[in-house]
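Protein chains in written order, with the numbering used here: chain A, 72 to 529; chain B, 9 to 505.
Right, one structure below, let's go through it.
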Amino acid sequence: MAFMMKAMLLNAVIVVALGWRLLAHGPLYWALLPSAGIPGISIRLDGLSFLFIILTAIIAVLSVFQAGHYFAGNQPIQKRLWWRVLMVLTGLNLVWLAGDLITLYVAMELVAFGVVGLIALGDQAESYRSALRYLNAVLLGTLSFLIGIILLYGIYGTVSLVSLEQQIQWTRLTGIAFALMTAGLVYRAALFPLHSWLPPAHGSSHAPLSALLSALVTKASFYILARLWLDWGQVVASPVLAQGLGVLGCFAILWGGWMACRQSELKMLVAYSSVNQVGYFFLLFPMIIGVSYEVSLLVTQGVMLQVISHALAKAALFMAAGNLVLALGSKEIQHLSGISRLMPLSLLSFGLAAVSIMGLPPSGGFLAKWYLLQSSLLSGQWWWIPTLILGGLLSATYIFRIFSQSFLEQGSEAVTQEVPKALEVAPLLLALMAVALGLFAHTPLALMIDMEVADGIR
Amino acid sequence: MAFDSLLPLWVLATSLVVAFIIFAIPEDRWKLRSFLNISAAVIKLFLVMVMTWGVFQGVFYQTHFEIAPGLVFSLKADPLSIVFAGLSSVLWLLTTIYAIGYLEGSPNRSRFFGFFSFCVASTLGIALAGNLFTFLLFYEMLTLSAYPLVVHRGTRAALKAGRVYLIYTLSGGALLMLGVVMLYLNFGQMPFNSGGHFQQVHEAEFPLLRLIFVLLIAGLAVKAALVPLHGWLPSAMVAPAPVSALLHAVAVVKAGVFGIVRVVYDIFGIEFSYMLGVLQPLGWLAAATIVYGSIRALYQTDLKRRLAFSTVSQVSYITLGVTLFGPLGTIGAVVHLVHQGIMKITLFFCAGNYAETLGIHRIDELNGVAKQMPWTSMAFTLGALGMIGLPPLAGFISKWYLGLGALESGMHWAVGVLVVSTLLNAAYFLPILHRIWFCKPEVVDHTRHLKRPECSWLLLAPPVITAVLILLLGVFASWPMSPFSWATFMANQEYGL
Chain A
72 MAFMMKAMLL NAVIVVALGW RLLAHGPLYW ALLPSAGIPG ISIRLDGLSF
122 LFIILTAIIA VLSVFQAGHY FAGNQPIQKR LWWRVLMVLT GLNLVWLAGD
172 LITLYVAMEL VAFGVVGLIA LGDQAESYRS ALRYLNAVLL GTLSFLIGII
222 LLYGIYGTVS LVSLEQQIQW TRLTGIAFAL MTAGLVYRAA LFPLHSWLPP
272 AHGSSHAPLS ALLSALVTKA SFYILARLWL DWGQVVASPV LAQGLGVLGC
322 FAILWGGWMA CRQSELKMLV AYSSVNQVGY FFLLFPMIIG VSYEVSLLVT
372 QGVMLQVISH ALAKAALFMA AGNLVLALGS KEIQHLSGIS RLMPLSLLSF
422 GLAAVSIMGL PPSGGFLAKW YLLQSSLLSG QWWWIPTLIL GGLLSATYIF
472 RIFSQSFLEQ GSEAVTQEVP KALEVAPLLL ALMAVALGLF AHTPLALMID
522 MEVADGIR
Chain B
9 MAFDSLLPLW VLATSLVVAF IIFAIPEDRW KLRSFLNISA AVIKLFLVMV
59 MTWGVFQGVF YQTHFEIAPG LVFSLKADPL SIVFAGLSSV LWLLTTIYAI
109 GYLEGSPNRS RFFGFFSFCV ASTLGIALAG NLFTFLLFYE MLTLSAYPLV
159 VHRGTRAALK AGRVYLIYTL SGGALLMLGV VMLYLNFGQM PFNSGGHFQQ
209 VHEAEFPLLR LIFVLLIAGL AVKAALVPLH GWLPSAMVAP APVSALLHAV
259 AVVKAGVFGI VRVVYDIFGI EFSYMLGVLQ PLGWLAAATI VYGSIRALYQ
309 TDLKRRLAFS TVSQVSYITL GVTLFGPLGT IGAVVHLVHQ GIMKITLFFC
359 AGNYAETLGI HRIDELNGVA KQMPWTSMAF TLGALGMIGL PPLAGFISKW
409 YLGLGALESG MHWAVGVLVV STLLNAAYFL PILHRIWFCK PEVVDHTRHL
459 KRPECSWLLL APPVITAVLI LLLGVFASWP MSPFSWATFM ANQEYGL
């Protein structure tokens with residue numbers, strides 16, 4: 072734990088240094104061995120990637136803090152835990168920064184293997200099964216991505232994202248490569264109907280780790296996909312594919328919400344809520360293809376805001392849910408009655424985070440919905456609006472199932488266990504951040520576009 | 009200067025900060041909690057009074073900052089916000105006192121009073137919101153913060169009512185949000201501006217504007233309990249009495265109507281709305297609600313349910329007044345916003361007292377109750393007579409001006425609606441009064457001593473004070489700084505008189 076905190080401190084220092092570099096000199100592209108003709112190992116730093124680096128630093132330090140207290144006194148797990156967490160974090164930061172496809176591939180594998188290790192820490196047969204299922208999904212996804220990389224390298228002779236952005240043209244083979252990469256990433260991002268591996272993986276692992284997984288790991292695949300589409304989409308993506316992704320996103324919103332309403336276990340409900348929320352991300356693709364520059368900026372901001380607020384809120388939800396489960400000694404939602412008196416702080420964190428998940432003000436989720444509504448109106452793609460509205464109501468339905476149960480006074484008096492106060496700090500902070508994002512969004516929004524613009528001009 | 013520009017924020021902060029502190033106070037420290045709660049309410053009342061005086065002197069209070077490009081969080085004080093903020097802060101103080109007495113010894117009080125303050129903060133935010141975006145922000149916050157109050161008892165019935173409440177209000181909120189987004193996208197930012205924004209709009213935009221108007225009003229009508237979107241209000245009656253009082257008089261229902269007032273006067277502008285042809289249908293809807301609510305009220309045997317349907321009817325007077333095109337209708341609408349709140353809160357306080365002291369819930373149990381609870385019955389009577397519109401009580405003033413407004417605007421059918429509704433009001437209130445004062449009680453309670461007050465002064469003082477207010481607001485309506493004068497001031501501004 073002490074060692075991990077030092078690592079986090081170092082991370083913070085690096086983040087500050089990167090931020091300073093970015094502000095002083097603008098976006099940065101750096102390759103290790105450019106002249107030797109060896110492809111790969113390069114770094115791209117711009118506004119968007121910096122935003123994700125900050126997000127990762129915040130969530131990492133809080134989940135490590137949470138995990139440290141959650142597993143306090145459990146040395147065997149601690150011994151196996153930290154190096155896996157570090158592996159995941161390294162992989163994630165590399166994903167945000169990667170400047171070429173090979174680095175991206177390596178980063179993705181790093182994340183994947185770390186995550187498999189984390190899920191398997193559950194030490195039950197169920198956890199092993201979930202871990203294996205996750206591994207299968209990820210390997211399949213990555214394989215598809217790798218074939219795409221090889222095809223592109225064969226055509227253009229480079230894997231650098233910057234040179235590919237300049238050279239890429241519409242050919243049949245490029246289209247196939249692009250579709251393969253998209254398919255692989257979609258699988259890894261758990262988009263409906265390829266989502267079935269996600270809820271058991273997130274629902275069955277320990278709460279602080281679920282927080283890390285759902286907040287950051289699902290975002291990695293989406294982030295890569297979004298960057299590829301933002302860079303090349305206008306050239307190689309077909310509107311049909313884009314609309315298809317949007318439609319799948321809508322199904323994910325509705326199906327995930329519906330499934331979340333039907334879960335009987337608290338953490339499974341939160342996990343299905345991720346399927347529901349990930350759906351919103353995929354509205355990005357239809358609305359950046361074949362639209363004006365303003366719309367594409369607006370929708371990028373909206374979706375990235377959704378990604379970030381979902382990361383903060385979902386981490387808070389999982390941690391708070393973990394505390395509730397710990398206090399109750401039961402995973403079942405129906406045992407929650409009377410919990411509002413026993414664990415008011417955790418329930419408050421849960422509620423604040425839920426405000427963002429439901430897209431109600433003031434929260435990052437609300438602003439994101441505002442932007443998404445605006446961009447669907449501006450792009451003329453009004454057909455996303457009913458899903459946006461229905462999705463919000465569905466998420467309110469599953470969230471209030473929990474509150475309704477927790478306010479219920481009659482029924483069983485649950486056996487409760489003392490929960491350390493330290494465990495209630497991180498979820499509250501994360502939930503407050505998700506809410507505050509709805510009031511102070513200027514800087515994050517500027518980071519999403521200004522650097523992009525500068526990048527485009529360069 | 010810094011004080012002036014931050015005053016709206018301070019007004020909000022008094023209840024917002026207290027809400028968070030109260031959450032953290034342990035359950036059994038009720039003295040500390042009550043002290044904090046009441047002092048916050050007093051400080052807020054004082055700040056609102058300072059603000060009222062300032063606005064009267066022509067000071068312009070505004071706080072604003074940009075949340076994201078093009079989205080401004082803005083709080084400001086204009087005559088209309090003063091009217092609503094004044095109402096909420098006076099009634100917050102009284103309801104807090106009442107709630108402390110009402111909930112003495114019951115569980116979960118920290119949670120209750122925390123969300124209670126939260127609810128009031130949201131209401132004040134709605135009153136002071138300077139543009140539609142900020143309004144939406146607080147409108148949804150109110151939806152959420154009122155939920156724990158509605159389900160406070162934690163029974164299955166309460167939870168069911170809470171579910172109904174959420175289904176209605178969250179759907180309404182979603183429609184409202186869509187309307188606001190469309191408005192912002194097509195016509196830019198929407199600061200509340202007396203006279204509205206659309207004096208020079210091309211006719212080609214009219215259909216779009218009509219659509220937006222319908223979305224906005226549909227979203228607001230849910231809270232304002234306009235038929236057919238009123239279903240949640242009667243079922244929310246399972247909440248404890250102070251909550252019903254707050255919900256019906258200031259918080260949720262009023263927020264909806266206040267929103268309608270804002271949208272019609274300060275976004276679309278009354279003249280433009282008239283030109284757009286949207287006022288007439290809204291007026292018919294309001295008239296239908298008035299009559300329907302009254303008729304349903306007649307058939308209720310439960311006292312609180314009868315009061316709830318009475319709210320459905322009475323609150324729509326305000327909407328009806330808004331749709332009457334002319335300054336007199338506006339005065340009637342705005343002044344009824346205040347008068348209805350004070351009258352209805354009196355009635356609910358009294359209903360709560362009957363239930364707490366004698367365990368009376370049904371109307372046929374009220375026989376001869378005046379002997380045992382004379383003060384409460386007196387207050388109830390004033391409230392009921394005010395609702396009927398008996399001069400010189402407050403309700404008379406608002407009905408009189410609504411009637412004048414109807415004649416002025418040439419909407420003569422509205423006078424008919426007012427007359428019918430007054431008759432119906434009398435038909436469902438007078439039998440109650442008759443029972444209270446003139447019927448013989450079936451069982452005489454000999455255990456009570458007449459020397460002892462009829463119930464705790466915490467429960468008695470608030471309805472008595474509001475009952476006196478009903479009388480004063482009626483008699484001294486024309487005094488400066490009265491709600492009536494503010495309404496006149498606001499109407500003159502709107503019509504540029």
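All C-beta atoms in this analysis are idealised placements derived from N, C-alpha and C, irrespective of residue type, glycine included.
Opening and closing residue of the alpha helix (DSSP H) in which B/A414 lies: 402–416
Could you check if A/D526 is buried or exposed, using at least 16 other CB atoms within 10 Å of its CB as the buried criterion? Reliability of the predicted coordinates at A/D526 is poor, the pLDDT of 45 falling under 50, and no value is obtained from them.
Runs of 3 residues minimum, wholly inside the segment 78–120 of chain B: which ones carry the beta strand (DSSP E) assignment? 79–84
Output needed for B/V63: all residues of its chain with C-beta closer than 8 Å, excluding positions within five of it in sequence on either side, in chain order. Y69, A85, D86, P87, I90
DSSP state of B/F206 mapped onto helix, strand, coil: coil
Scan the segment 158–221 of chain A and note each continuous alpha helix (DSSP H) run of 4 residues or more that stays entirely inside, going in chain order. 172–191
Cutoff 8 Å; reference A/A234; Cβ partners in own chain excluding five residues on either side: Per the sequence presented here, residue 234 of chain A reads as Ser, with Ala not at that position. Counting only Cβ-Cβ distances below 8 Å, and skipping sequence neighbours, we find Y227.
Please state if the CB of A/P415 and the CB of A/G509 are separated by a distance shorter than 8 Å. no
Nearest-angstrom Cα separation, counted from A/T127 out to A/K77: 16 Å
Chain-order list of residues whose beta-carbon lies under 7 Å from that of A/A202 (same chain, five-residue window excluded): V187, I190, A191
If we count the other Cβ atoms within 10 Å of its Cβ and call it buried at 16 or more, is B/Y307 buried or exposed? exposed
Tell me, please, which residues DSSP counts as bridged to A/S113. A/A102
In angstroms, rounded to a whole number, what distance separates the CA positions of A/S285 and A/S345? 7 Å
Which listed residue (A/I520, A/G393, A/S450) has its alpha carbon closest to that of A/A138: A/G393
Rank B/Y155, B/Q380, B/A247, B/L311 by C-alpha distance to the C-alpha of B/I371 and give the top, closest one. B/L311
Nearest-angstrom Cα separation, counted from B/S385 out to B/G367: 15 Å
Entirely within the segment 228–314 of chain B and at least 4 residues each: give me those alpha helix (DSSP H) ranges in chain order. 240–243, 249–257, 260–270, 278–284, 287–306
Residues near B/I390 by beta carbon distance below 6 Å, same chain, minus five either side: With the sequence shown as reference, residue 390 of chain B is identified as Leu, and Ile is not the correct amino acid for it. Within the same chain, B/L390 has close Cβ partners A475, I478.
Below 7 Å on C-beta distance, what does B/A182 contact in chain A? I460, G463, L464
Does B/R443 come out as helix, strand or coil in the three-state DSSP assignment? helix
Residues of the segment 130–156 of chain B in Cβ contact with chain A at a cutoff of 9 Å, in chain order, please. F141, L144, L145, F146, Y147, E148, M149, T151, L152, Y155, P156
By how many angstroms is the C-alpha of A/A512 removed from the C-alpha of A/L93? 19 Å
Cβ shell of A/Q334 (< 7 Å), same chain only, five flanking positions each side left out: L340, Y343
What first and last residue would you give for the alpha helix (DSSP H) that runs through B/T71? Unbroken run through B/T71 is the beta strand (DSSP E), 70–76; no alpha helix (DSSP H).
DSSP beta-bridge partners for B/R370? B/D310
Which same chain residues end up closer than 8 Å to B/F31 when comparing Cβ atoms and leaving out the 5 residues on each side of it in sequence? S118, R119, G122
8 Å is my cut-off, CB to CB: does A/P498 come that close to chain B? no
For A/P432, which residues in chain B fall below 7 Å Cβ to Cβ? L144, L145, E148, M149
Continuous beta strand (DSSP E) assignments of at least 3 residues falling wholly in the segment 118–142 of chain B: none
Within the same chain, show all residues whose beta-carbon is closer than 7 Å to that of A/N164, passing over the 5 residues directly before and after it, in chain order. I124, T127
Give a yes or no on whether the minimum CB-CB distance between A/H513 and chain B is below 8 Å. yes
For chain A, find out if any of its Cβ atoms is closer than 8 Å to the Cβ of B/S179; answer yes or no. yes
Per-residue contacts from B/R270 into chain A (C-beta, under 9 Å): Chain A residues near B/R270: none, gap ~17 Å exceeds 9 Å.
Taking the CB atoms as reference points, tell me whether A/M519 and A/T371 lie closer together than 8 Å. yes
Keeping to the same chain, check which residues put their C-beta closer than 8 Å to that of B/F1; ignore five residues upstream and five downstream. A question about residue 1 of chain B goes unanswered here, because the residues of chain B that appear run from 9 up to 505.
Is there a Cβ of chain A sitting closer than 8 Å to that of B/L111, yes or no? no
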